[in-house]
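What follows is a short report on a single structure.
There are 2 protein chains.
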Amino acid sequence: MQYYPPSLVRLIKGLAKLPGIGEKTATRLALHILRSSHEDAKRLSESILEVKGKVRFCSKCFGLADTDPCRLCVNPNRDTTIICVIEQPSDLVALEKSGAFKGLYHVLHGALSPMNGIGPNDLKIKELMARVSNGKIEELVIATNTNVEGEATASYLAQILKAHPVRVTRIASGVPMGSDLKYLDEVTINRAMERRQDL
Amino acid sequence: MQYYPPSLVRLIKGLAKLPGIGEKTATRLALHILRSSHEDAKRLSESILEVKGKVRFCSKCFGLADTDPCRLCVNPNRDTTIICVIEQPSDLVALEKSGAFKGLYHVLHGALSPMNGIGPNDLKIKELMARVSNGKIEELVIATNTNVEGEATASYLAQILKAHPVRVTRIASGVPMGSDLKYLDEVTINRAMERRQDL
Chain A
44 MQYYPPSLVR LIKGLAKLPG IGEKTATRLA LHILRSSHED AKRLSESILE
94 VKGKVRFCSK CFGLADTDPC RLCVNPNRDT TIICVIEQPS DLVALEKSGA
144 FKGLYHVLHG ALSPMNGIGP NDLKIKELMA RVSNGKIEEL VIATNTNVEG
194 EATASYLAQI LKAHPVRVTR IASGVPMGSD LKYLDEVTIN RAMERRQDL
Chain X
44 MQYYPPSLVR LIKGLAKLPG IGEKTATRLA LHILRSSHED AKRLSESILE
94 VKGKVRFCSK CFGLADTDPC RLCVNPNRDT TIICVIEQPS DLVALEKSGA
144 FKGLYHVLHG ALSPMNGIGP NDLKIKELMA RVSNGKIEEL VIATNTNVEG
194 EATASYLAQI LKAHPVRVTR IASGVPMGSD LKYLDEVTIN RAMERRQDL
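From first to last, the protein sequence lines stand for chains A and X.
In this text, residue positions in the first sequence follow our numbering: the first is 44, and each later residue adds one.
In this text, residue positions in the second sequence follow our numbering: the first is 44, and each later residue adds one.
What follows is the structure, given as structure tokens:
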């Protein structure tokens with residue numbers, strides 16, 4: 044790498060800090076940027092600064108936003124009586140893509156994980172409780188992941204919300220659509236059997 | 044993607060233009076940049092502009108450089124009587140890393156490829172001839188790749204350089220060091236057998 048001009052080496056080092064990008068890939072990307080048009084490079088450079096300058100967390104739902112409250116929170120077409128609780132902003136995008144949910148969101152920014160020292164105070168749980176206490180919320184759909192941390196977080200939320208007159212639900216778990224039972228893990232099959240429904 | 048804030052979407056689109064980076068990876072990188080420190084993001088943004096502004100091709104060897112002539116061309120410790128002819132600036136880096144060559148370089152910026160419409164005029168061959176004609180060059184080592192295009196380029200160069208009183212050599216081809224014959228392709232084994240040497 045030290046055989047490239049110093050400014051190119053600086054770019055390679057910067058790119059190599061990104062996740063999943065090693066020195067070889069960073070070199071390939073840097074050489075591509077070098078060959079790309081001045082306009083493309085300028086646009087990429089500016090959009091990095093723009094993202095850092097503009098994108099914040101919405102003060103209501105803690106999703107990513109460049110306005111506050113975010114466009115979802117102020118959208119008059121959304122059902123404001125139901126909140127879907129998720130772990131990460133990327134989960135919000137997955138749910139929106141599916142079109143399955145028309146209410147508001149609340150991003151916890153993580154899940155309970157005592158092993159990693161993540162307790163309730165490290166998540167946006169206080170803020171969720173405040174939204175619930177403000178009334179008007181009729182249902183909370185807990186859509187944390189279905190791994191150990193996500194399940195623990197769901198149980199914890201269900202427990203502390205017992206005192207509130209709000210309906211707390213959990214997204215269904217079971218066999219994913221379009222899948223082949225023989226390739227499925229045992230935990231999922233057990234869960235699907237346990238929660239079988241009348242046809 | 045349209046569920047992310049517009050400025051984040053712009054960054055994702057910019058990153059997705061890089062080679063080998065699809066929309067999913069671009070999203071992951073953009074979210075990482077969003078989470079990284081302001082300083083890191085600023086440095087990355089600036090180094091993109093810096094590379095585009097500073098890095099040029101050396102007017103002598105056509106390698107990448109932010110000075111002209113490049114540091115290699117003006118280095119008094121290099122042997123100025125021998126030039127190694129290569130296809131790309133990245134080949135220069137590979138050769139420098141190996142420490143095998145102490146002369147000057149000449150980057151052709153490609154190889155002859157009639158199928159892709161790349162002829163002698165699309166490469167830095169005229170410039171190479173000018174360097175050879177200026178005298179003082181005693182040997183040209185053709186180190187183009189050993190694929191069809193690279194071999195064709197080497198033959199072409201050997202042919203047009205016949206008229207010049209310069210020694211033209213080609214890097215050796217054969218079995219790579221540390222390799223296992225049973226996994227090697229037939230063309231390489233044939234070549235290695237053809238060019239066997241006395242021990």
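C-beta atoms are modelled at their ideal positions from N, C-alpha and C, and glycine is treated no differently.
Quick caveat, the model's predicted, so the values are computed rather than measured.
query, result
"Chain X contacts from the segment 168 to 191 of chain A (Cβ-Cβ distance under 9 Å)", "none"
"Rounded straight-line distance, which links the Cα of residue 162 (chain A) to that of residue 108 (chain X)", "52 Å"
"Backbone CA spacing between residue 160 (chain A) and residue 196 (chain A) [nearest angstrom]", "14 Å"
"Residue 50 (chain X), DSSP secondary structure in three states", "helix"
"Residue 123 (chain A), buried or exposed, once every other Cβ within 10 Å from all chains shown has been counted against 16", "exposed"
"is_contact[residue 102 (chain A), chain X] using C-beta, thresh 7 Å", "no"
"Environment of residue 226 (chain A) [buried if 16+ CB atoms lie within 10 Å]", "exposed"
"Contact list for residue 81 (chain A) against chain X, beta-carbon separation under 8 Å", "95"
"Under 8 Å (Cβ pairs) to chain A, residues found in the segment 62 to 74 of chain X", "62, 63, 64, 68, 70, 71, 72, 73, 74"
"Cβ of residue 57 (chain A) within 7 Å of any chain X Cβ", "yes"
"Cutoff 7 Å: residue 46 (chain X) Cβ touching any chain A Cβ", "yes"
"Chain X contact for residue 211 (chain A) (CB, 7 Å cutoff)", "no"
"Amino acids of chain X, ordered along the chain, whose beta-carbon sits closer than 8 Å to that of residue 227 (chain A)", "Those do not exist, as residue 227 (chain A) stays about 24 Å from chain X at its closest Cβ, beyond 8 Å."
"Cutoff 7 Å; reference residue 102 (chain A); Cβ partners in own chain excluding five residues on either side", "111, 112"
"Reduced DSSP category for residue 116 (chain X) - H, G, I as helix; E, B as strand; rest coil", "helix"
"Residue burial classification, residue 62 (chain A) (beta-carbon count within 10 angstroms, cutoff 16)", "exposed"
"Runs of alpha helix (DSSP H) wholly within the segment 158 to 188 of chain A (minimum 4 residues, chain order)", "168 to 176"
"Exposed unless 16 or more other CB atoms sit within 10 angstroms - verdict on residue 228 (chain A)", "exposed"
"Local conformation of residue 134 (chain A) per DSSP, three classes", "helix"
"As assigned by DSSP and simplified to three states, the class of residue 239 (chain A)", "coil"
"Delimiting residues of the beta strand (DSSP E) encompassing residue 199 (chain X)", "Taken as a continuous stretch (DSSP letters only), residue 199 (chain X) belongs to no beta strand (DSSP E), being part of the alpha helix (DSSP H) at 191 to 203."
"Exposure label - residue 88 (chain A); buried when at least 16 CB within 10 Å", "buried"
"Chain-ordered chain X contacts of residue 50 (chain A) [CB-CB under 9 Å]", "90, 93, 94, 96, 97, 98, 109"
"Proximity winner among X:167, X:93, X:47, relative to residue 49 (chain A) (alpha-carbon distances)", "X:93"
"Residues near residue 204 (chain A) by beta carbon distance below 6 Å, same chain, minus five either side", "211"
"Segments assigned beta strand (DSSP E), at least 3 residues, entirely inside the segment 80 to 129 of chain A", "125 to 129"
"Exposure of residue 117 (chain A), with buried meaning 16 or more beta-carbon neighbours within 10 Å", "exposed"
"is_contact[residue 194 (chain X), chain A] using C-beta, thresh 7 Å", "no"
"Cβ neighbour criterion (16 or more within 10 Å) applied to residue 82 (chain A)", "exposed"
"Nearest candidate by alpha-carbon position, reference residue 158 (chain A), set A:201, A:119, A:192", "A:192"
"Cβ pair residue 59 (chain X), residue 69 (chain X) closer than 7 Å", "yes"
"Where residue 169 (chain A) falls, given that 16 or more other Cβ within 10 Å makes a residue buried", "exposed"
"Selection of the segment 115 to 130 of chain X by Cβ proximity to chain A, strictly under 7 Å", "none"
"Within-7 Å CB hit, residue 139 (chain A) to chain X", "yes"
"8 Å Cβ cut-off: residues of chain X touching residue 76 (chain A)", "61, 91, 94, 95"
"Beta-carbon separation (whole angstroms), residue 46 (chain X) vs residue 139 (chain A), contact threshold 8 Å", "4 Å"
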